[in-house]
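Some notes on the structure that comes next.
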Amino acid sequence: MTDEPAPDVRPAASRRRANRPTLSRTLLAWAFLAPTVVFVGVFAYWPAVRALEGAFTNWDGVSVPQWIGLGNFRSLFHDHIFFQSFVHLFWWTIIGIPLGMGASLLVALLIYRLGSRRAQYAFRVAFSLTLCLPGIVGILTWSYFYQTGGVVDAVMTDLGLGHSSTSWLANPHTALWALILMGFPWVGAFAMLVFYAGLQAIPQEIIDAAAVDGVTSLKRVWHVELPLIRGQLKVILVLSIIGITQNLLPPLLLTQGGPGYDTYTPVLYMYNSAFDYARMGFALAIAFVLFLISLILAIATMRFLRSDTDNRRKVA
Amino acid sequence: MSRPQSMHFGRRVIHYSALLAIGILALFPMYFMAITGLKTGVQLQANPFNIAIAHPFGTFYVAAWHYIAGDLLRTAIIIAPSVAGIIFFGMMSAYALARMEFYGRTVVFYAIFGLLLIPSFLVLIPLFLEVKGMGLQNSLFSLILPYVAGGQAFAMFIFRSSIEGLPDELFEAGRLDGASHFRMLWSIVMPLSKPIMIVIGLINVTAFWGDYVFPSLVLSASKSTAAMAIGNFQPPVSITSIDVVNLQFAAYTIVAIPMVLLFIIFLRYFISGMASGAVKM
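If you read the sequences in order, they're chains A and B. Every letter in the first sequence is one number past the one before it in my numbering, and letter 198, counting from 1, is 372. Every letter in the second sequence is one number past the one before it in my numbering, and letter 21, counting from 1, is 22.
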């Protein structure tokens with residue numbers, strides 16, 4: 175978003191005709207914008223400003239906050255729970271995002287390659303149904319799957335993988351992995367539909383040309399289809415990075431960060447600091463660091479993928 | 002597509018079975034929820050996968066409905082105005098940005114889209130304290146107002162590109178007929194934006210329906226949303242402890258059913274809205 179050249183935000187009509195803004199037009203336009211501006215100002219920008227400001231105070235949520243400069247950030251730097259929580263987030267990102275995007279892409283490709291339009295539609299509908307499952311319901315269902323003698327154990331016994339009597343979420347060796355791998359087979363219906371829309375938009379001539387050249391199926395995926403849905407891959411990757419840093423519910427509901435601190439993530443640490451220990455200033459400092467890191471990651475991703483697309487455009 | 006005739010029969014079988022297998026696995030939690038709500042704890046322990054029926058039929062669904070009906074209604078009362086506000090205000094702003102020329106446009110454009118960069122966890126704490134400071138704690142407005150604000154950026158992002166994509170001639174004709182901007186928004190943009198409105202509506206409804214963290218900060222247990230009620234499950238004393246799981250899954254299923262119905266009703270629009278390719282960078 176930020177590194178793109180400034181988009182031309184003038185309306186389509188005025189790009190063609192010199193259509194000068196006048197005072198009356200301006201008043202009318204601001205009347206259209208007024209509800210959004212008020213809501214966004216009061217319930218999004220104001221709290222964001224308070225958050226940035228609060229990160230530099232010893233605020234406890236009740237008494238008047240005192241400015242302590244970089245004090246919170248200094249304590250964070252020496253806080254090993256904070257570092258541990260970032261290590262967990264790192265694994266979550268490195269493993270969770272490829273699994274989620276890979277599974278969604280695979281399903282999108284499989285559906286796109288189906289011969290029959292009706293079968294394509296039927297499968298899109300079936301996978302879209304998973305969107306109906308509210309996130310919290312899915313998480314609670316998985317917490318049951320992971321119980322001792324739960325569904326995961328039953329499946330492992332049935333497959334002859336031995337009888338495991340561990341409680342997946344309480345065992346320090348398995349808890350983090352159980353959270354990361356939750357949601358098997360990891361197909362995100364939203365991502366799948368976005369990828370499918372991208373595949374659908376590939377001109378038929380390109381596909382036919384590839385077929386004439388005798389390009390094999392797998393090569394076609396790699397050399398034709400993936401490069402042509404780069405825009406979709408990029409938006410889902412950026413959304414996944416932003417989403418995973420905010421992923422509070424699984425550890426909050428299933429493990430509370432335990433056993434010990436084995437499933438702490440930065441956002442859970444923030445939540446607990448604020449609401450269990452009333453360290454609002456400290457919690458906001460965590461939020462601030464996490465925000466900066468996810469922002470840098472998102473921008474880096476966009477820049478990395480953009481230069482790639484540009485190269486391809488020059489070649490083409 | 003021209004491929005299917007040439008595609009080898011064996012490969013087609015593998016292709017379909019792969020999709021079917023992944024689809025069954027993806028939908029398994031929904032199946033599991035629904036059948037577990039039907040059986041007793043003893044039947045569940047005997048075999049978690051098969052279908053067994055507790056006596057009398059649907060007994061846990063009835064109990065779960067009594068447990069959660071009020072919370073479901075409350076959640077719907079919160080969500081309906083929130084989503085209506087997001088769609089209507091978002092569309093008005095997007096229209097102004099896409100079709101009107103005025104002073105301050107660039108500033109407003111970046112100010113609203115900059116919101117996409119502000120993550121929810123950053124504002125969680127100050128927003129909670131702000132809502133509390135306004136005396137809204139335990140009022141449904143403590144959720145409605147932040148929800149309307151939180152949905153604006155994404156709604157505008159999508160609406161703006163779809164309004165820009167509408168042919169100029171429509172608006173030209175409207176202008177010649179002397180239609181006001183509001184009139185054009187109402188009679189040209191709204192009817193043509195149905196699939197996009199439905200995509201935005203459904204994405205927001207499902208997000209709010211399952212929202213747990215912020216509601217549990219601002220509402221007390223007696224004013225739970227559906228997500229809070231299942232997240233902080235308090236089994237009624239009349240239920241034997243071995244059957245609590247079944248009651249819980251019956252409640253999960255009941256919470257999911259309104260979303261399934263919404264999707265079935267709006268499916269056609271949702272699929273075509275998503276297929277319009279509006280979501281990309």
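Note that CB positions come from ideal geometry on N, CA and C, so glycine has one too.
#1: Does residue 318 of chain A have its Cβ less than 8 Å from a Cβ in chain B?
#2: Is residue 122 of chain B close to chain A? Criterion is C-beta to C-beta, closer than 8 Å.
#3: Quick one, are the C-beta atoms of residue 253 of chain B and residue 314 of chain A less than 8 Å apart?
#4: Can you name the residues of chain A whose CB is closer than 8 Å to the CB of residue 34 of chain B?
#5: Quick one: residues in its chain with C-beta nearer than 7 Å to the C-beta of residue 196 of chain B, no 5 flanking neighbours on either side, listed in chain order?
#6: For residue 229 of chain A, count neighbouring C-beta atoms within 10 Å of its own C-beta (all shown protein chains included) and say buried if the count is 16 or more, exposed if not.
#7: Please list, in chain order, all residues of the same chain as residue 454 of chain A whose beta carbon is under 7 Å from its beta carbon, the five residues on each side excluded.
#8: Could you check whether the region 427 to 442 of chain A touches the region 262 to 274 of chain A, counting it as contact only if at least three pairs of C-beta atoms, one from each stretch, sit closer than 8 Å?
#9: Return the first residue and the last residue of the alpha helix (DSSP H) that residue 227 of chain A is part of.
#10: For residue 304 of chain A, name the three-state secondary structure that DSSP assigns.
#11: Are the beta-carbon atoms belonging to residue 352 of chain A and residue 320 of chain A less than 8 Å from one another?
#12: Under the three-state reduction of DSSP, which class applies to residue 231 of chain A: helix, strand or coil?
#13: Which residues in chain B sit within 7 Å of residue 420 of chain A, going by Cβ to Cβ distance?
#14: Once the 5 residues before and after residue 423 of chain A are set aside, which same chain residues still bring their CB inside 8 Å of it?
#15: Quick one: residues in its chain with C-beta nearer than 7 Å to the C-beta of residue 285 of chain A, no 5 flanking neighbours on either side, listed in chain order?
#16: Using a beta-carbon distance below 8 Å, is residue 344 of chain A in contact with chain B?
#17: Could you list which residues in chain B have their beta carbon closer than 7 Å to that of residue 284 of chain A, in chain order?
#18: Distance check for residue 147 of chain B and residue 198 of chain A, CA to CA, integer angstroms please.
#19: Taking only three categories from DSSP, how would you classify residue 241 of chain A?
#20: Residue 240 of chain B and residue 88 of chain B - do their beta-carbons sit closer together than 8 Å?
#21: Given that residue 249 of chain A touches chain B, what residues does it touch there, using C-beta distances under 9 Å?
#22: For a cutoff of 8 Å on Cβ pairs, would you count residue 170 of chain B as touching chain A?
#23: What's the call for residue 153 of chain A, buried or exposed, on a 16-neighbour Cβ count within 10 Å?
#24: Could you name the residues of the region 398 to 428 of chain A whose beta carbon sits closer than 8 Å to any beta carbon of chain B, in the order they occur along the chain?
#25: Name, please, each residue of chain B whose Cβ falls closer than 7 Å to the Cβ of residue 235 of chain A.
#26: Are the beta-carbon atoms belonging to residue 419 of chain A and residue 441 of chain A less than 8 Å from one another?
#27: Less than 8 Å between the CB atoms is what I'm expecting for residue 127 of chain B and residue 224 of chain A, so what's the real figure, rounded?
#28: Taking a cut of 9 Å between CB atoms, which residues from the region 62 to 84 of chain B lie near chain A?
#29: Given residue 403 of chain A, which residues of its chain have a CB within under 7 Å of its CB, disregarding the five upstream and five downstream residues?
#30: For residue 143 of chain B, go through chain A and note every residue whose CB falls closer than 7 Å to its CB, in chain order.
#31: Is any beta-carbon of chain A found at less than 8 Å from that of residue 241 of chain B?
#32: Would you mind listing the alpha helix (DSSP H) stretches within the region 173 to 197 of chain B that are 4+ residues and don't spill past its ends, in chain order?
#33: For residue 99 of chain B, count the other beta carbons within 10 Å of its own beta carbon; 16 or more makes it buried, fewer makes it exposed. Which is it?
#34: Strictly under 8 Å for the Cβ-Cβ distance: is residue 207 of chain B near chain A by that measure?
#35: To the nearest angstrom, report how far apart residue 223 of chain B and residue 264 of chain B are at their CA atoms.
#36: Within 10 angstroms of the Cβ of residue 182 of chain B, are there 16 or more other Cβ atoms? Answer buried if so, exposed if not.
In short:
#1: Your numbering for residue 318 of chain A matches position 144 in the first sequence. At least one chain B Cβ lies under 8 Å of residue 318 of chain A.
#2: For the purposes of this step, residue 122 of chain B is taken as the residue at position 121 of the second sequence. It does: the Cβ of residue 122 of chain B has a partner Cβ on chain A nearer than 8 Å.
#3: Your numbering for residue 253 of chain B matches position 252 in the second sequence. Your numbering for residue 314 of chain A matches position 140 in the first sequence. Result yes, Cβ atoms of residue 253 of chain B and residue 314 of chain A sit closer than 8 Å.
#4: In the second sequence, counting from the first residue as 1, residue 34 of chain B sits at position 33. Those within 8 Å of residue 34 of chain B in chain A are 311 and 315.
#5: Your numbering for residue 196 of chain B matches position 195 in the second sequence. The beta carbon of residue 196 of chain B sits closer than 7 Å to those of 270, 273, 274 and 277, all from its chain and outside the five residues before and after it, given in chain order.
#6: As a working note, residue 229 of chain A is residue 55 in the first sequence. Counting the other CB atoms within 10 Å of its CB gives residue 229 of chain A a total of 16 or more, which places it among the buried residues.
#7: The count along the first sequence starts at 1 and reaches residue 454 of chain A at position 280. Cβ neighbours of residue 454 of chain A beyond the five flanking positions: 228, 233, 234, 235 and 448.
#8: Judged by Cβ distances under 8 Å, the region 427 to 442 of chain A makes contact with the region 262 to 274 of chain A, as three or more pairs qualify.
#9: Your numbering for residue 227 of chain A matches position 53 in the first sequence. Per DSSP, residue 227 of chain A belongs to the alpha helix (DSSP H) from 220 to 228.
#10: On the first sequence, position 130 is the one that residue 304 of chain A refers to. Three-state result, residue 304 of chain A: helix.
#11: Here the question's residue 352 of chain A lines up with position 178 in the first sequence. Here the question's residue 320 of chain A lines up with position 146 in the first sequence. Yes, they are a contact pair.
#12: Locating residue 231 of chain A in the first sequence gives position 57, counting from the first residue. Annotated three-state conformation of residue 231 of chain A is strand, per DSSP.
#13: Here the question's residue 420 of chain A lines up with position 246 in the first sequence. What residue 420 of chain A touches in chain B: 120, 121 and 122.
#14: Taking the first sequence and counting its residues from 1, one reaches residue 423 of chain A at position 249. Around residue 423 of chain A, the same chain offers 309, 310 and 313 as residues with beta carbons nearer than 8 Å, after the five sequence neighbours per side are excluded.
#15: Working through the first sequence from its first residue, we reach residue 285 of chain A at position 111. Hits under 7 Å: 294, 297, 298 and 370.
#16: By one-based count along the first sequence, residue 344 of chain A stands at place 170. The C-beta of residue 344 of chain A comes no closer than 8 Å to any C-beta of chain B.
#17: As a first step, residue 284 of chain A must be located in the first sequence, where it is residue number 110. Per Cβ cutoff of 7 Å: 16, 19 and 20.
#18: Here residue 198 of chain A corresponds to residue number 24 of the first sequence, with the count starting at 1. Here residue 147 of chain B corresponds to residue number 146 of the second sequence, with the count starting at 1. Using only the alpha carbons, I get a separation of about 31 Å.
#19: Translated into the one-based positions of the first sequence, residue 241 of chain A becomes position 67. Residue 241 of chain A carries a strand assignment under DSSP once its states are collapsed to helix, strand and coil.
#20: Locating residue 88 of chain B in the second sequence gives position 87, counting from the first residue. Locating residue 240 of chain B in the second sequence gives position 239, counting from the first residue. No, they are not a contact pair.
#21: Against the first sequence, residue 249 of chain A aligns to sequence position 75. Here the premise fails: no neighbours, minimum Cβ distance about 17 Å.
#22: As a first step, residue 170 of chain B is located in the second sequence; it is residue number 169 there, counting from the start. No, its Cβ sits nowhere closer than 8 Å to a Cβ of chain A.
#23: Residue 153 of chain A lies beyond the residue range present for chain A, which begins at 175 and ends at 490; the question has no answer from this structure.
#24: The residues in question are 405, 406, 408, 409, 412, 416, 419, 420, 422, 423, 426 and 427.
#25: As a first step, residue 235 of chain A must be located in the first sequence, where it is residue number 61. Going along chain B in sequence order, the residues near residue 235 of chain A (Cβ under 7 Å) are 130.
#26: For the purposes of this step, residue 419 of chain A is taken as residue 245 along the first sequence, with counting starting at 1. For the purposes of this step, residue 441 of chain A is taken as residue 267 along the first sequence, with counting starting at 1. At the C-beta level, residue 419 of chain A and residue 441 of chain A come within 8 Å of one another.
#27: For the purposes of this step, residue 127 of chain B is taken as the residue at position 126 of the second sequence. For the purposes of this step, residue 224 of chain A is taken as the residue at position 50 of the first sequence. Confirmed, about 4 Å.
#28: None of the residues of the region 62 to 84 of chain B has a beta carbon lying less than 9 Å from any beta carbon of chain A.
#29: Here residue 403 of chain A refers to the residue found at position 229 of the first sequence. Closer than 7 Å at the Cβ level, and outside the excluded window around residue 403 of chain A, lie 369, 372 and 373.
#30: The residue you call residue 143 of chain B lines up with position 142 of the second sequence. By Cβ distance, chain A contributes nothing, its closest Cβ being about 10 Å from residue 143 of chain B, past 7 Å.
#31: Your numbering for residue 241 of chain B matches position 240 in the second sequence. False, the Cβ-Cβ gap to chain A never drops below 8 Å.
#32: The region 173 to 197 of chain B contains these whole alpha helix (DSSP H) runs: 182 to 185.
#33: The count along the second sequence starts at 1 and reaches residue 99 of chain B at position 98. Around the beta-carbon of residue 99 of chain B, 16 or more other beta-carbon atoms lie within 10 Å, marking it buried.
#34: By 1-based counting over the second sequence, the position of residue 207 of chain B is 206. So, interface residue.
#35: The residue labelled residue 223 of chain B in the question sits at position 222 within the second sequence. The residue labelled residue 264 of chain B in the question sits at position 263 within the second sequence. If I take the Cα positions, the gap works out to 29 Å.
#36: Numbered from 1 along the second sequence, position 181 holds the residue referred to as residue 182 of chain B. In the assembly as shown, residue 182 of chain B is a buried residue. Its beta-carbon has 16 or more other beta-carbons within 10 Å.
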